[in-house]
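Under full-length UniProt numbering, the very last position in the sequence shown is 342; numbers go up by exactly one each time. For reference, the structure is listed below as structure tokens.
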Amino acid sequence: MGDKDRAFRNFLSDKVLFFQFLRRFLRFGTLEGVGLEDIELENVSFISQELVARESDVLYRIRRGGKETYIYILVEHQSSVDHLMPFRLLAYMVRIWERCVEEAGSKSRRKSYLLPPVIPVVFYDGMQKWTVASTFVEKVENGDAFAGFVPNFSYHLMVLGKRTSEELLAFRDALGGLLYLANPSKEEDLSMTVRRLLEYRKLLPPEEREILSRHFAGYLTILAKREGVDLSGMAEEIASEEEAEKMVTYVQREIRKIRKEGRLEGREEGRQEGRMEGRQEGRQEGRQEGRMEGRQEGRREAMLESARKMLSRGFDAAQVADVLDLPLEQVRALAESEGEKG
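Shown next as structure tokens:
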């Protein structure tokens with residue numbers, strides 16, 4: 001369980017935010033007219049121990065007119081998509097129905113008893129293109145040939161990365177601000193993100209401003225860690241307008257400091273390695289040529305070592321390439337090789 005799981009869990013467990021999400025993205029005709037009082041957050045621990053560990057997925061029960069509907073939201077933010085997603089969803093849906101049968105007791109054996117609808121929703125905030133089968137039958141070999149015998153359903157897919165910053169901030173509510181923070185495709189750096197969020201917050205009514213303030217600390221902590229910036233509880237301070245400039249200045253200063261340290265570290269390690277390699281090569285092929293080649297190789301190895309360290313600390317390939325002035329493809333290849341070792 002990581003910061004991202006906790007942030008999404010807190011976000012989606014807020015009934016007001018889920019209600020906004022429901023109205024914005026899940027426009028099913030049968031759910032029209034549902035009010036906040038009809039929504040109840042359920043515990044997902046009965047579904048799978050995996051979900052207890054993930055702590056990001058949520059299940060809501062909607063009671064209206066004597067009928068129930070379940071909405072299960074599976075949050076997926078892995079670097080690679082899971083092509084077993086339809087199967088996982090089916091397993092979770094069956095477990096939800098099993099509990100409904102258990103709760104109904106002997107009534108479940110009556111002809112009149114019907115299972116409640118379970119609407120599966122996948123909330124994807126990864127950067128890789130979503131290529132998973134959209135229906136369960138696509139995951140069954142020759143599934144179409146056995147129509148009527150093979151279970152089939154589709155899930156509602158919400159791909160956050162397809163939304164632009166302008167589109168999300170046009171919502172003018174707490175949901176829009178939090179989705180903007182979580183959006184992996186936004187082009188703004190951390191300091192600009194903080195500024196835009198603060199300006200956006202001023203436009204919200206008091207109740208929306210309060211909801212946004214309750215949740216954005218977790219997301220800002222995640223964004224700051226990607227930049228190597230330790231907020232150490234400062235994220236809560238930007239809930240007050242007078243601390244805004246202090247936060248922005250702090251973030252900008254820390255980012256500049258980290259980038260400068262990364263370059264200096266690479267240069268110093270390069271010099272040291274270059275001298276050592278230069279001496280060794282110089283004895284064999286000539287001191288002058290050896291020093292030059294040694295320094296070049298030393299700098300290269302030192303820069304690669306610095307890149308490895310930054311990748312291990314959570315920097316992405318683009319950030320490492322920018323800080324160390326390395327080719328992006330080289331850094332990506334290094335990240336892949338390090339990932340295979342891990």
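Beta carbons: idealized from backbone N, C-alpha and C, even for Gly.
- Nearest neighbour of residue 84 by Cα position, chosen from 321, 156, 138 and 201, turns out to be 138.
- By the Cβ neighbour-count rule, residue 120 is buried, with 16 or more other Cβ atoms within 10 Å of its own.
- According to the DSSP assignment, residue 122 belongs to the beta strand (DSSP E) that extends over 118–124.
- In the structure shown, residue 131 falls within a coil segment according to DSSP collapsed to helix, strand and coil.
- In the DSSP annotation of this structure, the continuous segment of the alpha helix (DSSP H) that includes residue 215 starts and ends at 206–226.
- In the three-state reduction of the DSSP assignment, residue 62 falls in the strand class.
- The C-beta separation of residue 180 from residue 7 comes to about 13 Å, leaving the pair out of contact by the 8 Å criterion.
- The Cβ atoms of residue 177 and residue 170 do not sit closer than 9 Å to each other.
- In the structure shown, residue 155 falls within a coil segment according to DSSP collapsed to helix, strand and coil.
- As the crow flies, the alpha-carbon of residue 77 is around 5 Å from that of residue 125.
- Judged by DSSP secondary structure, residue 111 falls outside any alpha helix (DSSP H); it is assigned neither H nor E.
- DSSP places residue 164 outside any alpha helix (DSSP H), giving it a letter other than H or E.
- Here the region 185–202 makes no contact with the region 139–153; the two share fewer than three CB pairs at distances below 8 Å.
- In the three-state reduction of the DSSP assignment, residue 96 falls in the helix class.
- Of the candidates 166, 143 and 123, 123 places its Cα closest to the Cα of residue 157.
- For residue 32, there is no enclosing alpha helix (DSSP H), as DSSP gives it neither H nor E.
- By the C-beta criterion, the region 7–23 is judged to be in contact with the region 203–222, since at least 3 inter-stretch pairs fall below 8 Å.
- The beta-bridge partner set that DSSP reports for residue 76 consists of 124.
- Comparing alpha carbon positions, the residue from 40, 327, 186 and 308 closest to residue 165 is 186.
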